[in-house]
Each structure stands twice: as C-alpha cells, then as structure tokens.
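So the sequence shown is numbered by my numbering: it starts at 412 and just counts up by one. Glycine included, each C-beta is placed from N, C-alpha and C at the ideal position. Keep in mind it's a predicted model, so treat the numbers as computed, not measured. This report refers to the structure that appears directly beneath it.
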Amino acid sequence: MAERQAITVRAELRAGRGKNDARRLRARGMVPLTVYGGEGEPVSAAAPLRELAAILRSGAGHNTIFTLDVEGVGANEVLFLDRQIDPVKGRLVHADLRRLVQGQEVEVTVRLELEGEPLGTKDEGGILEQLLREVEIRCRPGIIPDVIRADVSGLGVHEVLHVSDLKVEEGVTILTDPETAVATVAVVREEQVAEAAPVEEVAEPEVIGKGKKEEGGEG
C-alpha cells in the first residue's frame, strides 16, 4: 500500500435543492454532494469538480481518504460512497461521501491486478484470461489497499485461480465469494473444418400423367 498524502477539499454548504440548483452549481465547476454516516446528520454541500476528479484519477481512486472541510460545518475524513457520472461527457455530476469514524471498519471494492507469467502460457501455448476485475473487502480505512495483486505464475492450462487463493494484509477481510474465479489459462484450438463434398443436383423426375388420371377406355 502506497503512503497516502494528506488531501483537503474545501466545500460550501448547499442551501438550494432540485435540478436547477444542481445545474447552477455545475456551471460554476462545482459538484453537488451529500455526506452520510459517522456521528453527524447528512450534510448537503458542493465541492470543486477539478479537485474531486483529481482524487478519482489517483492511484487509490474512489478509495482515497481525504478531508472534506465544509464551510460552517467543519472538517471530516471521508471516502467516496457512490458517484454519478455523465454517460456522454464522462464527468462527475454528483457524489455521496461516507464520513469516517476512528477505528470503525468500512466495506469497499478494490481493483485486482494479475502478476507473473503463467506456466500454461510459457510452456503450453495457453492464453491468460482475467475473469474478475475487483473484489469487495472490509478493513479499517487506514489500511485500504490501492490494489490487490494476484500471482498467476503457477497456473497451468485449464487451471483456475480463485478468490480464496488471494493474499491480503493482516486486518483485511475479503467479502467476495471465495469460490469466485479470478483467472484461468485457456487453450485456443484451431478447428479444422472439413470441406463439404459438393452435392450433385438430382434431376427432378418427370411426372407422367400429371393432372387428370388416365381412364381406361372401352373399345
């Protein structure tokens, strides 16, 4: 886990409500947000988009712990709880933050990275496939890992690495189902498609006496 830098974001108390107020805030480069949890009541505020976006782009991303200093309310350590992204512009438009309490554990999702070269790709021509991108964990805020690395160097062809095989620091509990597959080494087989033998066209037999049935005539 990388050493965390102290980050403070100054925010203003949000007095207005509704879509129009939110649009005005965004036009000023601010993001509406709500702070939940801890020992206080929920707080509606607004913080600079540039600063929140920089936090989300950092190594720890949405698991970054930072101080939110709301004018007239005070400062609290917080963590992203939820966020809404504009699907067209890819920009943060609203955030829910979790107020942290000293010594209290939190549940977060952490990114998974694979490391090592599997035996199955080196010696057996297999292809490494990552089946899981993140896991849910529970721990104290101060020891949230930026990423969990999964060693796949021992994987042979058709072998699977499961969540139960992951190694984490003491104090971190993985909540994702231990039987969930993380990665596997698959084999790509070239299928030889036999050329279909040409089918000879069979001439349609001539129908004799088609139509009215031939009647035997009397002499």
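Subject >> Whole-angstrom distance between G485 and G565, CA atom to CA atom >> reply: 51 Å
Original post:
Mind pulling the beta strand (DSSP E) runs of 3 or more residues that sit fully within the segment 465 to 528?
Top reply: 477 to 481, 485 to 496, 503 to 510, 517 to 526
Original post:
Taking the C-alpha atoms as reference points, what is the distance between A465 and A438?
Top reply: 18 Å
Original post:
Got a sec? Which residues, its chain only, sit under 7 Å from E450 by beta carbon, not counting five neighbours each side?
Top reply: V512
Subject >> E545, DSSP secondary structure in three states >> reply: strand
Original post:
When the distance is taken between beta carbons, is V521 closer than 9 Å to P552?
Top reply: no
Original post:
Leaving out the 5 sequence neighbours to the left and right, which residues in its chain are closer than 7 Å to P443 when beta-carbon positions are compared?
Top reply: R425, A433, L436, A457, H505
Subject >> Sub-9 Å separation of L523 and A561 beta-carbons >> reply: yes
Original post:
Considering only C-alpha positions, which residue in the set E462, R502, S575, G536 is nearest to V546?
Top reply: S575
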